[in-house]
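**Q** Numbering of the sequence shown is given in the numbering used here, commencing with residue 335 and proceeding in unit increments.
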Amino acid sequence: MKKKYKGIFFDWDGTAVLSRKAPVEEIVKAMGPLLDQKVNLVIVSGTTMENIAGGKLDSYFTKEQLEHLYLGLGRGAFNYRYENGQEIVFSDMLPDRKLLSDIHRICFDIHMELLEKYGMNTDIVFSRPNYCKIDLMVENQRGDNLFMQGNELDLLKDCLKKHGVEGGLQGLLDISEAAGARYGITVKPTCDAKYLEVGISSKSDNVDRILEHLEEKEGISPQECSFWGDEYVGIEEGIYGSDSFMKTEKTAAGEFFDVSQIPGKRPEGVVQLGGGVERFLEFLKEQAQIE
Numbered sequence: 335m336k337k338k339y340k341g342i343f344f345d346w347d348g349t350a351v352l353s354r355k356a357p358v359e360e361i362v363k364a365m366g367p368l369l370d371q372k373v374n375l376v377i378v379s380g381t382t383m384e385n386i387a388g389g390k391l392d393s394y395f396t397k398e399q400l401e402h403l404y405l406g407l408g409r410g411a412f413n414y415r416y417e418n419g420q421e422i423v424f425s426d427m428l429p430d431r432k433l434l435s436d437i438h439r440i441c442f443d444i445h446m447e448l449l450e451k452y453g454m455n456t457d458i459v460f461s462r463p464n465y466c467k468i469d470l471m472v473e474n475q476r477g478d479n480l481f482m483q484g485n486e487l488d489l490l491k492d493c494l495k496k497h498g499v500e501g502g503l504q505g506l507l508d509i510s511e512a513a514g515a516r517y518g519i520t521v522k523p524t525c526d527a528k529y530l531e532v533g534i535s536s537k538s539d540n541v542d543r544i545l546e547h548l549e550e551k552e553g554i555s556p557q558e559c560s561f562w563g564d565e566y567v568g569i570e571e572g573i574y575g576s577d578s579f580m581k582t583e584k585t586a587a588g589e590f591f592d593v594s595q596i597p598g599k600r601p602e603g604v605v606q607l608g609g610g611v612e613r614f615l616e617f618l619k620e621q622a623q624i625e
């Protein structure tokens with residue numbers, strides 16, 4: 335790619351690294367030269383800081399390099415930058431205790447509706463700061479590779495059909511939104527096939543806030559940014575994977591790339607490159623060579 339980007343937003347699991355336990359030497363080695371060139375690198379992930387390079391990402395870079403590194407984590411919960419080498423949360427979307435409790439109740443209601451009405455068993459992860467993860471396929475384990483697997487879309491569709499869930503995946507989203515409405519809360523449910531995640535924010539909130547910061551700080555426009563992920567693929571008509579939430583009204587003028595090889599429809603404007611982690615690393619190295 336001949337274009338030099340001033341901002342590169344990218345997912346972590348499945349895009350920058352194969353798994354959370356995989357070595358990070360290759361990705362940090364590819365990031366270093368770009369940070370030296372003052373290219374802003376933005377990691378956007380649903381996970382927490384502890385799961386990015388074992389919570390030690392900053393140890394791989396100098397104070398000067400860290401000035402151009404950002405992280406948008408926890409489905410909109412936290413946006414990080416570095417000042418004098420120190421990690422700073424410069425904006426967040428954390429619910430108060432009452433709202434977080436209601437989110438937990440909403441997810442338990444979803445769990446109970448799926449169990450009682452459809453005989454579909456699920457597990458819930460309650461420990462996230464502003465959302466819950468509902469495991470829709472408890473028998474299907476991902477192991478260390480926590481990103482969407484190639485056969486999971488078919489497995490989910492078969493599971494929903496088997497249990498008679500009306501409307502397929504859209505039916506799940508409708509159930510989630512209706513459960514939120516009963517508490518007077520507008521939830522933002524997303525699904526990567528195995529997990530239904532229900533909270534008050536998403537990756538959209540991360541990318542919008544960090545882009546606003548880059549616009550204010552350096553005058554960077556969306557057209558000067560690219561957005562990389564491996565979960566853009568459509569799960570059902572009009573419903574796309576978690577990385578599709580990086581494409582917002584604010585970021586739409588940027589350029590979007592998918593390194594997944596999973597066949598299927600992507601949101602308009604997303605270019606499927608395939609190649610997985612290796613393709614993304616290749617892109618970073620190419621960018622470092624462009625003047």
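Glycine residues also receive a C-beta, built at the ideal position from the N, C-alpha and C atoms.
As the structure is a prediction and not an experimental result, all values here were calculated from the model.
My assumption, with CB atoms under 8 Å, is that residue 472 sits in contact with residue 492. Please give the rounded CB distance.
**A** About 15 Å; that fails the 8 Å criterion.
**Q** To the nearest angstrom, how far is the alpha carbon of residue 554 from that of residue 340?
**A** Spanning the two alpha carbons is a distance of roughly 7 Å.
**Q** Between the stretch 527-547 and the stretch 574-590, can you find at least three pairs of beta-carbon atoms closer than 8 Å?
**A** Because the criterion of three Cβ pairs below 8 Å is met, the stretch 574-590 and the stretch 527-547 touch.
**Q** Report buried or exposed for residue 383, applying the criterion of at least 16 other Cβ atoms within 10 angstroms of its Cβ.
**A** With 16 or more Cβ atoms within 10 Å of its Cβ, residue 383 is classed as buried.
**Q** For residue 419, which option in 400, 437, 405, 433 has the closest C-alpha, if you only look at C-alpha atoms?
**A** Answer by Cα proximity: 400.
**Q** What is the DSSP secondary structure of residue 544, counted as helix, strand or coil?
**A** If DSSP states are grouped into helix, strand and coil, residue 544 belongs with the helices.
**Q** Here's the rule: buried if 16 or more other CB atoms are within 10 angstroms of the residue's CB, otherwise exposed. What is residue 480?
**A** Its pLDDT being 47, under 50, residue 480 is placed unreliably by the model, and nothing is read from it.
**Q** Answer yes or no: do residue 536 and residue 410 have a C-beta to C-beta separation smaller than 8 Å?
**A** Against a cut-off of 8 Å, the Cβ pair of residue 410 and residue 536 comes out as a contact.
**Q** Assuming contact is defined by CB atoms lying nearer than 8 Å, are residue 437 and residue 530 in contact in what I supplied?
**A** Their beta carbons are not under 8 Å apart, which means residue 437 does not touch residue 530 by this criterion.
**Q** DSSP three-state label for residue 604, please.
**A** Residue 604: strand per DSSP, three-state reduction.
**Q** Determine the DSSP secondary structure at residue 361, reduced to helix, strand or coil.
**A** It is helical.
**Q** Cβ of residue 562 within 8 Å of Cβ of residue 347?
**A** No; because the gap between Cβ atoms is not below 8 Å, this pair is not in contact.
**Q** Buried or exposed, going by whether 16 or more other CB atoms sit within 10 Å of the CB of residue 430?
**A** It is exposed - the Cβ of residue 430 has fewer than 16 other Cβ atoms within 10 Å.
**Q** Could you check whether the Cβ of residue 450 sits closer than 8 Å to any Cβ belonging to chain B?
**A** Among the protein chains of the structure shown there is no chain B, as only one such chain exists.
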